[in-house]
Amino acid sequence: MKKLNFTTLIGDLFGGVTASVIALPLALAFGVASGVGAQAGIYGAIVLGFVAALAGGTKVQISGPTGPMTIVAASTLVLFHGDIGLLMAVVLLTGLFQILLGLLKVGKFVKYVPYPVISGFMSGIGIIIILLQINPLCGLEAVSSPLQAVSSLTKISSSFQVDTLYVSLIALLIVFFTPKKVARIIPTPLLALFTATIFSQVAGLNVTTIGAIPGGLPNLILPDFDLPQLSLILSASMSLAVLGSIDSLLTSLVADSLTKTSHNPNRELIGQGLGNTLTSFVGGIPGAGATMRTVVNVKSGGTTRFSGVLHALILLGVLLGLGRYAALVPMAVLAAILIKVGLDIVDYRFLKILRKAPKHDLAIMLTVLILTVFFDLIMAVGVGIVLASILLTIRVTSQVRSTINNMEVSVRDSHGCQKLNFEKSFHVRIVDIDGPFFFGSTSQLVGQVGDMLGTKVVIFNCTKVPFIDLSAFFALGEIILKLKEKDILPFIVVNEAIKAKLIRLEIGTILREKHLFLDFDTALEHARDHVCNARP
Numbered sequence: 001m002k003k004l005n006f007t008t009l010i011g012d013l014f015g016g017v018t019a020s021v022i023a024l025p026l027a028l029a030f031g032v033a034s035g036v037g038a039q040a041g042i043y044g045a046i047v048l049g050f051v052a053a054l055a056g057g058t059k060v061q062i063s064g065p066t067g068p069m070t071i072v073a074a075s076t077l078v079l080f081h082g083d084i085g086l087l088m089a090v091v092l093l094t095g096l097f098q099i100l101l102g103l104l105k106v107g108k109f110v111k112y113v114p115y116p117v118i119s120g121f122m123s124g125i126g127i128i129i130i131l132l133q134i135n136p137l138c139g140l141e142a143v144s145s146p147l148q149a150v151s152s153l154t155k156i157s158s159s160f161q162v163d164t165l166y167v168s169l170i171a172l173l174i175v176f177f178t179p180k181k182v183a184r185i186i187p188t189p190l191l192a193l194f195t196a197t198i199f200s201q202v203a204g205l206n207v208t209t210i211g212a213i214p215g216g217l218p219n220l221i222l223p224d225f226d227l228p229q230l231s232l233i234l235s236a237s238m239s240l241a242v243l244g245s246i247d248s249l250l251t252s253l254v255a256d257s258l259t260k261t262s263h264n265p266n267r268e269l270i271g272q273g274l275g276n277t278l279t280s281f282v283g284g285i286p287g288a289g290a291t292m293r294t295v296v297n298v299k300s301g302g303t304t305r306f307s308g309v310l311h312a313l314i315l316l317g318v319l320l321g322l323g324r325y326a327a328l329v330p331m332a333v334l335a336a337i338l339i340k341v342g343l344d345i346v347d348y349r350f351l352k353i354l355r356k357a358p359k360h361d362l363a364i365m366l367t368v369l370i371l372t373v374f375f376d377l378i379m380a381v382g383v384g385i386v387l388a389s390i391l392l393t394i395r396v397t398s399q400v401r402s403t404i405n406n407m408e409v410s411v412r413d414s415h416g417c418q419k420l421n422f423e424k425s426f427h428v429r430i431v432d433i434d435g436p437f438f439f440g441s442t443s444q445l446v447g448q449v450g451d452m453l454g455t456k457v458v459i460f461n462c463t464k465v466p467f468i469d470l471s472a473f474f475a476l477g478e479i480i481l482k483l484k485e486k487d488i489l490p491f492i493v494v495n496e497a498i499k500a501k502l503i504r505l506e507i508g509t510i511l512r513e514k515h516l517f518l519d520f521d522t523a524l525e526h527a528r529d530h531v532c533n534a535r536p
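Residues in the sequence shown are numbered consecutively from 1, following the UniProt record's numbering.
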């Protein structure tokens with residue numbers, strides 16, 4: 001654990017300042033895009049950025065409003081017909097749900113979300129951000145859904161504002177074509193914000209601006225828990241909690257790769273939850289760990305929590321001292337910045353291998369992307385995970401093999417039994433199960449019951465079975481009962497973990513524990529003894 005000393009302090013100063021410079025225009029842009037207002041973005045960046053830096057599980061993480069969280073918050077506000085009190089209730093519960101997820105130690109499971117689901121979702125979010133900013137970029141009234149944005153494209157050529165296009169062009173040129181050497185000195189979002197705003201004022205252009213941000217500290221707001229809307233509030237808050245958790249923990253993984261450290265995922269969720277909870281009381285929009293701001297913080301020298309705290313304090317200072325100047329910022333500038341953000345969110349790594357990607361992964365990615373853009377963000381993730389699970393089950397099931405081998409039993413003289421030879425029947429059948437024994441693979445074994453009959457002993461050789469689930473346990477139980485009805489003795493060979501699980505599930509009610517074996521040879525020896533003793 002790094003302690004704060006002069007060297008780390010200097011690094012944290014540079015990291016915090018640089019991160020705040022990037023966070024300022026993004027906070028304004030996300031606040032406007034949310035429908036709540038530019039001030040909501042600043043409030044969220046300050047409160048969440050401060051609290052998550054102190055309480056979170058990733059020391060160098062910079063938190064604040066992000067594209068995915070903003071889009072969901074904006075769509076939620078539309079459902080509530082612009083009622084900010086209801087949205088703040090959602091933000092409050094979002095934080096509480098995240099705290100609960102952290103206390104339940106759910107953080108470690110986020111890594112199991114399939115990559116095609118994340119890819120489709122993030123690319124879909126990027127496309128949504130781009131579509132929603134086209135109208136403001138051209139000086140037209142903003143729309144609230146991607147479908148509305150697509151339908152309004154035909155109106156742009158006849159109703160765009162020339163003055164706005166001048167500002168948009170300048171901002172776009174800056175965010176896309178500023179040389180990297182210049183961008184290292186001053187981040188392109190901030191450069192675009194200042195340059196385009198000053199140009200619009202000097203040239204006297206008639207453009208729509210974001211409006212004044214209230215000066216001073218924000219007023220306390222009590223979230224509005226409207227009982228008729230409670231189900232919608234709960235579903236929206238759970239969606240945001242899951243989304244924010246995934247967003248934050250993915251950023252934590254990026255931070256780990258840069259700093260060669262390991263974050264605490266459950267503490268990170270608690271820190272994010274505390275931040276979002278407190279954000280709701282000042283009217284801020286929800287947020288999460290922000291990848292770009294975190295990367296900039298680390299590369300600028302940030303190594304401790306102080307860098308994140310400093311980033312939030314600088315934003316607070318800007319709010320208190322320069323908030324009134326926000327009224328001069330053209331909406332088109334923020335639209336240009338967000339279009340760049342949207343393009344950066346799109347997963348180009350997956351797009352590069354689109355033609356070479358496995359068909360099932362491609363199907364998942366495209367399904368999630370389409371659902372994200374044109375239907376519902378959270379439904380998209382849910383459908384993607386379910387689809388991925390089904391396809392995985394099919395693939396794993398196809399690799400599970402259960403084969404039946406017939407064995408004629410021969411016994412040494414020491415067993416007091418001669419070689420047994422029956423023309424029409426075998427005395428022992430070996431059922432070899434290779435692979436996971438779970439709900440997807442039980443039907444194959446159940447369908448082979450008929451092939452197990454006409455013998456004296458059936459040995460289920462499960463030495464190559466890594467795990468068994470409840471569905472497989474019950475299926476195995478049914479097979480055992482059918483065999484016993486035909487006076488066939490079943491033996492099961494398993495590893496110690498599965499044996500303990502079978503005993504815990506009370507397999508002893510249908511099969512004696514002495515018929516559970518840990519190695520195949522012992523089971524076979526007992527089978528020989530049984531066949532010999534049962535010999536006609």
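Glycine included, every Cβ here is placed at the ideal spot set by N, Cα and C. Small disclaimer: the values here were computed from a predicted structure and weren't measured.
Where residue i falls, given that 16 or more other Cβ within 10 Å makes a residue buried
i, result
"SER262", "exposed"
"ASP12", "buried"
"GLY82", "exposed"
"TYR43", "buried"
"MET1", "Confidence is the limiting factor: at MET1 the pLDDT is only 48, short of 50, which leaves the residue's position unreliable and the question unanswerable from this model."
"SER248", "buried"
"PRO228", "exposed"
"ASP451", "exposed"
"SER159", "exposed"
Nearest residue (CA-CA) to residue i, options the options
i, options, result
"PRO25", "SER248, ASN266, ALA192, ILE129", "ALA192"
"PRO286", "THR294, ASN276, TYR43", "ASN276"
"ILE233", "MET88, GLY41, VAL428", "MET88"
"GLY16", "ASN206, VAL78, ILE127, THR303", "THR303"
"LEU391", "LEU362, LEU369, ASN264", "LEU362"
"ILE345", "THR8, GLY37, THR66", "THR66"
"PHE520", "HIS360, GLY508, VAL493, ILE507", "VAL493"
"VAL242", "VAL106, PHE517, ILE498, VAL182", "VAL106"
"VAL329", "ILE210, PHE460, ALA73", "ILE210"
"LEU79", "ALA19, ILE498, SER231", "SER231"
"PRO223", "VAL36, PHE281, VAL162", "PHE281"
"ARG184", "ASN297, GLY204, LYS155", "ASN297"
"GLY454", "GLU485, VAL90, LEU92", "GLU485"
"LEU48", "THR279, LEU343, ALA73", "THR279"
DSSP state of residue i mapped onto helix, strand, coil
i, result
"ASN135", "helix"
"LYS512", "It is worth fixing the name first, because residue 512 is Arg in this sequence and not Lys. It is coil, neither helix nor strand."
"THR463", "strand"
"PRO146", "helix"
"THR58", "coil"
"VAL428", "strand"
"ASP469", "coil"
"ILE433", "strand"
"ILE186", "coil"
"VAL72", "helix"
"THR209", "strand"
"GLY37", "coil"
"PHE517", "strand"
"PHE160", "coil"
"VAL113", "coil"
"PHE491", "strand"
"GLY64", "strand"
Nonlocal neighbours in the same chain, by C-beta distance under 6 Å from residue i, ignoring five residues either side
i, result
"GLN464", "Residue 464 is actually Lys in this sequence, not Gln. Here the set comprises ASP434."
"ALA255", "THR58, VAL60, GLN61, THR294"
"ALA55", "GLY271, LEU274"
"ILE99", "ILE270, GLY273"
"LEU505", "PHE473"
"GLY102", "ASN266, LEU269, ILE270"
"ILE130", "ILE339, GLY342"
Proximity test, residue i beta-carbon vs the ligand ATP heavy atom, cut-off 7 Å
i, result
"GLN448", "This structure lacks the ligand ATP, and indeed carries no ligand of any kind."
Own chain partners of residue i with C-beta closer than 8 Å, once the 5 adjacent residues on each side are dropped
i, result
"ILE364", "PRO114, PRO116, VAL117, GLY120, GLY384, LEU387, ALA388, LEU391"
"ILE337", "PRO25, LEU26, ALA29, ALA171, VAL175, PRO189, ALA192, LEU193"
"PHE517", "PHE491, ILE492, VAL493, VAL494, ALA523, HIS526"
Close Cβ partners of residue i (< 7 Å) along its chain, the five nearest in sequence each way excluded
i, result
"ALA40", "GLY31, SER34, GLY283, GLY284, ILE285"
"PRO466", "PRO436"
"LEU371", "MET379, ALA380, VAL383"
"VAL449", "ILE479, LYS482"
"VAL373", "GLY124, ILE127, ILE128, PRO146"
"residue 538", "Nothing in the structure corresponds to residue 538, since the chain is present only between 1 and 536."
"THR442", "SER471, ALA472, ALA475"
"VAL143", "LEU132, ASN135, ALA149, SER152"
Unbroken beta strand (DSSP E) runs of length 3 or more, entirely within the region 221-303: which are they? With a minimum length of 3 residues, no continuous beta strand (DSSP E) run stays inside the region 221-303.
Pick out the complete beta strand (DSSP E) segments inside the region 323-390, 3 residues or longer, and give them in chain order. As far as the region 323-390 is concerned, it has no whole beta strand (DSSP E) run of at least 3 residues.
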